[in-house]
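To convert, note that position 239 of the sequence shown is 244 in this note's numbering; the numbers rise steadily by one, no gaps.
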Amino acid sequence: MSASASQAEGVAGMDDVLKALGAIQESQRRLATEVESVSQRLDALAPTAITPSPNTGIAPGPPSPDRERSATAAESITDASSLTTSAAVQDQKSGFTSRIILTTYPKQNGIDPLPLDWGAPDASRRGPVVVSRSSSTIRRRNAIGAHGGSYSIYFALALASKQLNANHRPNFTNTEPAASIGPFPQWGDKKKIVAMDPWGHLAPWLFADTIEKENVDIRPTIAITKAHMKLPELQESVRSGRLFGIFQG
Numbered sequence: 006m007s008a009s010a011s012q013a014e015g016v017a018g019m020d021d022v023l024k025a026l027g028a029i030q031e032s033q034r035r036l037a038t039e040v041e042s043v044s045q046r047l048d049a050l051a052p053t054a055i056t057p058s059p060n061t062g063i064a065p066g067p068p069s070p071d072r073e074r075s076a077t078a079a080e081s082i083t084d085a086s087s088l089t090t091s092a093a094v095q096d097q098k099s100g101f102t103s104r105i106i107l108t109t110y111p112k113q114n115g116i117d118p119l120p121l122d123w124g125a126p127d128a129s130r131r132g133p134v135v136v137s138r139s140s141s142t143i144r145r146r147n148a149i150g151a152h153g154g155s156y157s158i159y160f161a162l163a164l165a166s167k168q169l170n171a172n173h174r175p176n177f178t179n180t181e182p183a184a185s186i187g188p189f190p191q192w193g194d195k196k197k198i199v200a201m202d203p204w205g206h207l208a209p210w211l212f213a214d215t216i217e218k219e220n221v222d223i224r225p226t227i228a229i230t231k232a233h234m235k236l237p238e239l240q241e242s243v244r245s246g247r248l249f250g251i252f253q254g
């Protein structure tokens, strides 16, 4: 008895499922029919170019409401198209494309990297490190990288959300290094400086002429700062005797 009851419940449940599926299919058919009907009405209301004959002296009558709605829709489509076109032109001007470019220089046309004599004893001979992809600088690049280190992701997000102009340049007023360091003989030794730019903290000031005269976006590649840090963990370690001499002087 229990088996037959369970079987009956299963059949009833399957009937409910089939009915629900049938209702969904019917609603989909009605929706498709309505969409097709709306499309036909829009096609019928689409404006057609009518050239009046010069021999007819009939004055044009007032526009009908349907024609006004069609004209408004056509103007909206035209405006959207023009906005898309202008956005594409802006992207092209900014040096960025909708596709990921794996080569160093897109299209490889008109490339003129700034000279870079790595390991030269002074900054003027060494030249600036240029990695910016702004429209005025992308063809003058002589290195690959991104300014800001791990913070460069925020720059990318600001560009993607249209909160920052791709050609934005920071203002380095009152951002000179907090301390004067070097130069040292090691700065002119290719085997010792390896990949660090020893002149990077002074780039906007050492290469100001290149920035102004050649319109090149040159930014610092390293920073020299001062900070006052309080580390309670270390202070407790000194008090307990685990560390010695850290806070002397």
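Quick reminder that beta carbons are idealized off the backbone N, C-alpha and C, glycines included.
Element boundaries [alpha helix (DSSP H), containing residue i]
| i | result |
| --- | --- |
| Y159 | 157-165 |
| S129 | 128-131 |
| D222 | Note, D222: premise wrong, no alpha helix (DSSP H); not H, not E. |
| I149 | Unbroken run through I149: none, as it is neither H nor E. |
| I198 | 195-198 |
| L211 | 208-211 |
Where residue i falls, given that 16 or more other Cβ within 10 Å makes a residue buried
| i | result |
| --- | --- |
| D202 | buried |
| D117 | exposed |
| L207 | buried |
| R258 | There is no way to answer for residue 258, as the model of the chain reaches only from 6 to 254. |
| R244 | exposed |
| T142 | buried |
| I29 | exposed |
| I216 | buried |
| F189 | exposed |
Under the three-state DSSP convention, the category residue i falls into
| i | result |
| --- | --- |
| E241 | helix |
| K231 | coil |
| A171 | coil |
| S32 | helix |
| M19 | helix |
| D202 | coil |
| I186 | coil |
| D214 | helix |
| T38 | helix |
| G27 | helix |
| I143 | helix |
| W123 | coil |
| V43 | helix |
| D96 | Low local confidence applies: a pLDDT of 48 at D96 is under 50, so the model's placement there is unreliable, and no value is given. |
Same chain only: Cβ atoms within 6 angstroms of residue i, ignoring 5 sequence neighbours per side
| i | result |
| --- | --- |
| P120 | G132 |
| A151 | S157 |
| T226 | V134, D202, G205 |
| K235 | none |
| F177 | P209 |
| S242 | L248 |
Chain-order list of residues whose beta-carbon lies under 7 angstroms from that of residue i (same chain, five-residue window excluded)
| i | result |
| --- | --- |
| G153 | F160 |
| T230 | A183 |
| A228 | H206 |
| K195 | W123, G124 |
| I186 | I229 |
Identity of the residue in the options nearest residue i by Cα
| i | options | result |
| --- | --- | --- |
| N170 | S129, S139, L36, A183 | S139 |
| D214 | Q191, L23, S129 | S129 |
| S137 | I223, A184, I227, N176 | I223 |
| P175 | E39, P209, A200, V22 | P209 |
| N220 | R144, L23, L164, P188 | R144 |
| W192 | V40, R35, D127, M234 | D127 |
| N147 | D122, L164, L162 | D122 |
Residues near residue i by beta carbon distance below 8 angstroms, same chain, minus five either side
| i | result |
| --- | --- |
| D21 | none |
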